[in-house]
Every structure is written in C-alpha cells, then in structure tokens.
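For reference, each letter of the sequence shown is one residue, going 1 to 364 in my numbering.
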Amino acid sequence: MKFNRTLRALEWVGARDGFLRIVDQTRLPQELRFVQLHDVEEVREAIVSLKIRGAPAIGVAAAFGVVLGMRQARYHTAADALAHLERIVHLLRTSRPTAVNLFHALERMYRVGKEAITAPDFNPLANDLVPRLLAEAQAIWEEDRRLCRAIAEQGAVLIQDGMGILTHCNTGALATSDYGTALGVLFMAHEQGRRFTVYATETRPLWQGARLTTFELRLRGIETVLLCDNAAGWLMRQGKIHLVLVGADRIAANGDTANKVGTYSLAALAQVHGIPFYVAAPTTSFDLNASDGTAIPIEQRSPLEVTKPFGLTIAPDGIAVENPAFDITPAQWITGIITERGIVQPVEARTIAACLGSQSPRGE
Ligand code: MRU
Numbered sequence: 001m002k003f004n005r006t007l008r009a010l011e012w013v014g015a016r017d018g019f020l021r022i023v024d025q026t027r028l029p030q031e032l033r034f035v036q037l038h039d040v041e042e043v044r045e046a047i048v049s050l051k052i053r054g055a056p057a058i059g060v061a062a063a064f065g066v067v068l069g070m071r072q073a074r075y076h077t078a079a080d081a082l083a084h085l086e087r088i089v090h091l092l093r094t095s096r097p098t099a100v101n102l103f104h105a106l107e108r109m110y111r112v113g114k115e116a117i118t119a120p121d122f123n124p125l126a127n128d129l130v131p132r133l134l135a136e137a138q139a140i141w142e143e144d145r146r147l148c149r150a151i152a153e154q155g156a157v158l159i160q161d162g163m164g165i166l167t168h169c170n171t172g173a174l175a176t177s178d179y180g181t182a183l184g185v186l187f188m189a190h191e192q193g194r195r196f197t198v199y200a201t202e203t204r205p206l207w208q209g210a211r212l213t214t215f216e217l218r219l220r221g222i223e224t225v226l227l228c229d230n231a232a233g234w235l236m237r238q239g240k241i242h243l244v245l246v247g248a249d250r251i252a253a254n255g256d257t258a259n260k261v262g263t264y265s266l267a268a269l270a271q272v273h274g275i276p277f278y279v280a281a282p283t284t285s286f287d288l289n290a291s292d293g294t295a296i297p298i299e300q301r302s303p304l305e306v307t308k309p310f311g312l313t314i315a316p317d318g319i320a321v322e323n324p325a326f327d328i329t330p331a332q333w334i335t336g337i338i339t340e341r342g343i344v345q346p347v348e349a350r351t352i353a354a355c356l357g358s359q360s361p362r363g364e
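Quick look at the structure:
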C-alpha cells in the first residue's frame, strides 16, 4: 500500500463549498480509504464509528462539522440562524463524551458563530457566516498542527539511544491534525537520529495499537514490536521497557488523566517496576473544570466490540460485557506531562496551573 508520510487524517478540501476529507481509520491497515464528508450528520457518524478518532482529531473534525451544518441550514432571521447553530453544536457534542478537545473546539466555533449572528450588521441572507466559521475551523486545525510539533520538541529529549518505549493506543498523525502527540515525540527523536525500540500494545477491543500505531511507526522506519495488552507487565519485568509514553483524552486540574482503557493498568505496572510514565498532550486536553478524575465522563461502548470484534464471534451470545473506552490514571503515577509549553513535573494542580498560566487551556 502506498502511504505518504505527510498524509493527513483529516483535511478540508476546497473553499466554502468544499468538504472534509478523512482517512477511514476503521479500514486500516488493510485499506487506505479516503471518505468525503459533506454534511454534519456524516461528520457525527464518522466520530461515533471511530472512522476519525483520537482526541485532537475529534475536536478538529467537529469544528469542520459546524461549518458543514451551518452551510446546510436554511434561515431567514438571526434567531433562526442561532437556533440552527445551537442544534448543530448539540448534535456534535453528543458524539463522544470523554475527549475534552471536542468540547473546546465546539465552544470556540459556537462563540465565533454567535458573535457573527448577534452582530448588529448580521444579514441572514448574505451568506457570510460559513466563511467565518471555516476560517475558525481551519485555525483550530492549524493550531493543532503547531501544538503537535511543539510537544514533540519538548519531549524528544527524554528519548535516548537503546531505550525500549512502551506506548498504548494510537497518538500519531492519525489521531491529530498532523504528526501526533506521544508518537510525535518518538518521530522527532528518530528524526534527530536517536535509535530505540517502540513496544506498541494491541489496544483491545478496537486494536488502535496493532492497526494504526505499528502502521505509523513502520512508515517512519522506527523499530517496532507489537505485544498483546496483557504481556506488558512481563516485558517490564524482563527489563525491556525503560519508559512508558501515552496520550490523553482529558486531563483534570490535578493531573488525573483519562486515556484509552488499559492506560491505568500500564501506569500501575510502571509504578511496580520503577519505570517513568509520561503523558504527552496539548494544553487543549486540559479541563480545569474537572478538579480531579472523578469528574471526567467515561464513554461506555457497545458490547459487540468485545464479543464480535470486526465481525468475528469470540464469545457466547448474550454474555454480560464491560466495555469502558477509557480509564483514569491518578496524577501521582504520572512522572510528567509533556505539553507544547514544557514538561509539567511533578504532576499536581500547582504545576499545571503554572503551565497553563492565566491563559485559557486552549492557549489563546
Ligand atoms: O477511542 P480513541 O481511539 O479515540 O482513543 C484514543 C486515545 O485514547 C488516544 O490515546 C488519545 O485520544 C490521545 S490522541 C493524541
């Protein structure tokens, strides 16, 4: 399969009459299929079904979803336009609950839309709302690309020659606008000439590690070893893992971190084995309204993902299933959080507040 290193997980194509093009991540690695999304319902479906996934990418996709939704909407008054905007934002807000980037991006789109609609010179027939929304969505996309590079630059110093680095789920170009967060750190260290081995967990039940992470690492020529999720402890015990590096879907004000289910277990194992455990995430992944991890909603997904992964029946019909998509790693088990502004260490409310400063978590 041909796969360009600079290929984008999502990208707006064309001008105001354009569309959102995404890689359908449910088809990888067997097939590189691009999908064109022309309306907000298609964007919502792509997020729910994980065609597009990863916290930053979900936020960016939703921002473009608002553009598409308002382009479809028919309104003759400012009040109608605002009602449409609210409906569209609500539709997208209810796609996935855990990654906070979705809510930050939608708040930003709503603010820009509302400001335009409630301005005294707003003309509902002039059709100039869509270009304004499109400019904001593109700014969010661009900003995410910049943040990823900056995170990589901050974190690459942690990666030394000969290390074994364990990662979980997928945090690369496919999960962001470009390059990635935790994987971006590894890409940058590799580009800087360091040689190391990445141990990628399968990431049951949807195998983002096996399907997407190994794919991205191989593409960049990084030595990669795939392991079953439940093999991680034994590899640590054997001394093969020197550092654990994962992404985040939402980080509470005290540093408790929601990430793909299984992250908690890896952090516990890292504690037992005395292995440094780092999270890499943009400041858009912080939620200062959540004082600690108990305030973070955890998405529960269909039992069928566990009993019939990718259509293959592996458990008896009707068996009770727990399928949380995320878990919360306590701040005290996290050695540091690599952000675009620097590494937060030790991880606690005080150091997080200092990193975010008086600016909003979106870095505006
Ligand atoms: O369910 P997913 O595939 O959207 O989960 C993704 C993760 O948990 C990632 O680790 C997280 O979003 C960070 S992506 C840079």
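The beta-carbon is built from N, C-alpha and C at its ideal position, and this holds for glycine as well.
Could you give the first and the last residue of the continuous beta strand (DSSP E) run that contains residue i?
i	result
P223	It should be pointed out that residue 223 corresponds to Glu in this sequence rather than to Pro. E223 -> beta strand (DSSP E) spans 223–227.
E11	10–13
T329	326–329
Anyone know if the C-beta pair for residue i and residue j falls short of 8 Å?
i	j	result
A61	L106	no
M109	L129	no
A9	A79	no
R341	T257	no
N254	F326	no
G293	T171	no
I241	I275	yes
N323	P205	yes
R96	V48	yes
A210	L226	yes
H104	G59	yes
A267	S291	no
G193	C148	no
A320	T307	no
Looking at the secondary structure, which residues open and close the alpha helix (DSSP H) in which residue i lies?
i	result
L102	100–117
F64	55–72
D80	78–93
T214	214–219
A353	349–356
Which one or two residues does DSSP pair with residue i in a beta bridge?
i	result
T26	Beta-bridge pairing links T26 to no other residue.
L37	L20
V344	I337
May I have a chain-ordered list of the beta strand (DSSP E) segments no shorter than 3 residues that lie completely inside the stretch 126–158?
Qualifying beta strand (DSSP E) stretches: none in this window.
Just list the beta strand (DSSP E) runs in the stretch 157–206, keeping only unbroken ones of 3 residues or longer that don't cross its boundaries, in chain order.
164–167, 197–201
Continuous alpha helix (DSSP H) assignments of at least 4 residues falling wholly in the stretch 221–307:
232–237, 263–273, 304–307
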